[in-house]
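To start, the structure under review is shown below, and the notes come after it.
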Amino acid sequence: MKAVICPAYGPPDVLTIREVPKPSPKKHQVLVKVMASPVNSGDVRIRALRVEGFMRIVMRFALGFTRPRQPILGLVFAGVVEEVGEAVTRFKVGDEVYGSTGFKQGCHAEYVCVSEKKVITTKPANASFAEAAALPFGGQTAIYFLRKGNIESIQHPKVLVYGATGAVGTAAVQIARHFGATVTAVCSSRGKELTQSLGADHIILYDQEDFTQVSDSFDIILDAVGKTSKRQCKHLLAPKGKFLSVESTDIAAERTEYLVFLRKLYEDHQYQATIDKVYPMEKAVEAHTHVDSGRKKGNVVLTMG
Ligand SMILES: NC(=O)c1ccc[n+]([C@@H]2O[C@H](COP(=O)([O-])OP(=O)(O)OC[C@H]3O[C@@H](n4cnc5c(N)ncnc54)[C@H](OP(=O)(O)O)[C@@H]3O)[C@@H](O)[C@H]2O)c1
């Protein structure tokens with residue numbers, strides 16, 4: 001099978017397309033023919049080993065000291081079950097699925113094996129494979145952090161999403177709205193139309209206005225891009241308000257339950273997949289370069305089909 005290989009930590013052009021053996025599923029695994037897989041901020045961070053200080057050492061232990069131990073990056077897949085292991089009960093050949101492999105990665109390839117006990121479920125019926133691939137990374141992170149802010153237990157919550165146009169930000173705006181929040185989105189002028197289309201109630205353009213000067217207070221401030229701090233905006237928090245940041249040491253959980261939740265929202269037309277660009281797998285270097293810019297709107301997706 002063809003795969004995007006990352007033979008060393010470095011810039012996007014370390015990536016190369018190679019023929020590698022097609023995996024075969026173990027007892028509890030399904031073999032997924034990958035149709036689409038996003039390149040997200042997590043993938044480019046791993047490719048470049050872009051972490052600071054002590055965490056750089058931790059990451060080397062976790063991912064490989066001098067180069068990625070798993071040379072096939074890619075944390076999320078959408079595709080079709082092609083083969084099932086002998087003990088698999090949840091899936092059958094032909095099922096259209098989506099999910100995430102976490103630090104095992106391996107999704108930037110034509111095939112990936114995934115345990116049926118891990119983060120995998122059927123994809124939304126009305127989503128293309130590219131759309132399905134655009135849901136898990138931002139969606140799961142947004143659900144995790146908004147729930148950490150106890151959004152469901154607050155009556156008419158007021159939520160500020162800082163960095164509303166990234167993969168996490170676009171998901172957070174929509175999911176907060178779903179939980180009945182009044183959402184204030186902070187983004188650049190370039191992201192205004194997108195943020196409007198996601199249903200944000202108020203929009204602050206950070207290149208025209210200082211969001212920390214607004215006369216409002218929020219139950220949750222979610223920094224979805226890691227570019228502000230509690231110190232900068234704690235005066236905007238309601239008395240029991242919470243500041244949450246994706247750049248904290250907290251790693252968002254990945255759960256099948258979250259994927260089921262996202263599927264339902266998508267099928268009910270309450271959630272849209274925000275896709276900036278789609279590239280064929282062979283253009284992985286261009287895709288990584290675009291994600292590296294830090295300016296993508298929503299998600300960048302590779303297609304393998
Ligand atoms: N803790 C966790 O478990 C977890 C999970 C997932 C992601 N993350 C982290 O979350 C961060 C965001 O991930 P992502 O994939 O959503 O990022 P992303 O999609 O790459 O974010 C890019 C977006 O951020 C906007 N942006 C850039 N600079 C900004 C600024 N100063 N203020 C406001 N918006 C700005 C950009 O638009 P403009 O340039 O037009 O503003 C662009 O739309 C990453 O650092 C990632 O590592 C953490």
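Residue numbers (the working numbering): 1 to 305. Backbone N, C-alpha and C fix where the C-beta goes; we use that ideal spot for every residue, glycine too.
Can you give me the start and stop residues for the beta strand (DSSP E) that Ser100 sits inside? Translated into positions along the sequence shown, residue 100 becomes position 100. Start and end: 96-100.
To the nearest angstrom, how far is the alpha carbon of Val39 from that of Pro12? For the purposes of this step, residue 39 is taken as the residue at position 39 of the sequence shown. For the purposes of this step, residue 12 is taken as the residue at position 12 of the sequence shown. The straight-line gap from Cα to Cα measures roughly 11 Å.
For a test of the three-state rule: what should DSSP assign to Val278, helix, strand or coil? Here residue 278 is taken as the residue at index 278 of the sequence shown, counted from 1. Reduced to three states, the DSSP call for Val278 is strand.
Comparing the CB of Lys230 with every heavy atom of ligand 1, is any distance shorter than 7 Å? Counted from its first residue, the sequence shown places residue 230 at position 230. Lys230: no, Cβ never under 7 Å from ligand 1.
Leaving aside the five residues before and after Val291 along the sequence, list all residues of the same chain whose C-beta is less than 8 Å from its C-beta, in chain order. Position 291 of the sequence shown, counted from the start, is the residue given in the question as residue 291. The answer, listed in chain order, is Val39, Asn40, Ser41, Asp43, Val44, Val300.
For Leu15, the residue or residues it bridges with in DSSP: Here residue 15 refers to the residue found at position 15 of the sequence shown. According to DSSP, which records beta bridges pairwise, Leu15 is partnered with nothing at all.
Select from Tyr206, Ile203, Gly241, Leu205 the residue whose C-alpha is nearest the C-alpha of Asp219. Reading the sequence shown from its first residue, position 219 is the one you call residue 219. That would be Gly241, whose Cα lies nearest to the Cα of Asp219.
Tell whether a beta-carbon distance below 8 Å holds between Val186 and Asp201. Looking up residue 186 in the sequence shown gives position 186. Looking up residue 201 in the sequence shown gives position 201. Cβ distance not < 8 Å, so Val186 and Asp201 don't count as in contact.
Any heavy atom of ligand 1 inside 7 Å of the beta-carbon of Ala224? Counting from 1 along the sequence shown, the entry for residue 224 is found at position 224. Checking the Cβ of Ala224 against ligand 1 gives yes.
Are Gly149 and Leu244 close, meaning C-beta to C-beta below 8 Å? Residue 149 sits at position 149 when you count from the first residue of the sequence shown. Residue 244 sits at position 244 when you count from the first residue of the sequence shown. Their beta carbons are under 8 Å apart, which means Gly149 touches Leu244 by this criterion.
Could you tell me which residues DSSP puts in a beta bridge with Ile203? On the sequence shown, position 203 is the one that residue 203 refers to. Ile203 pairs with Ala185.
I need the DSSP call for Cys6, collapsed to helix, strand or coil. Here residue 6 refers to the residue found at position 6 of the sequence shown. The answer is coil: DSSP assigns Cys6 none of H, G, I, E or B.
With DSSP as the reference, identify every bridge partner of Glu83, one or two as the case may be. Here residue 83 refers to the residue found at position 83 of the sequence shown. Its beta-bridge partners are Leu31.
Alpha-carbon to alpha-carbon, Glu82 and Leu63: One-based indexing of the sequence shown puts residue 63 at position 63. One-based indexing of the sequence shown puts residue 82 at position 82. For Leu63 and Glu82, the distance between alpha carbons rounds to 28 Å.
Quick one, which of Phe65, Cys113, Asp223, Glu267 has its alpha-carbon nearest Arg29's? Here the question's residue 29 lines up with position 29 in the sequence shown. For clarity, residue 29 is Gln in the given sequence; the question names Arg instead. Minimum Cα distance to Gln29 is reached at Cys113.
Under 8 Å by Cβ, that's how I've got Ala142 and Val168 pegged, so tell me the actual separation to the nearest angstrom. Looking up residue 142 in the sequence shown gives position 142. Looking up residue 168 in the sequence shown gives position 168. The pair is a contact, with the Cβ atoms about 6 Å apart (cut-off 8 Å).
Does Thr141 come out as helix, strand or coil in the three-state DSSP assignment? Taking the sequence shown and counting its residues from 1, one reaches residue 141 at position 141. Note: Thr141 maps to helix in three-state DSSP.
Inter-residue spacing [alpha-carbon to alpha-carbon] between Phe145 and Glu152: Position 145 of the sequence shown, counting from 1, holds the residue named residue 145. Position 152 of the sequence shown, counting from 1, holds the residue named residue 152. So the alpha carbons of these two residues sit roughly 12 Å apart.
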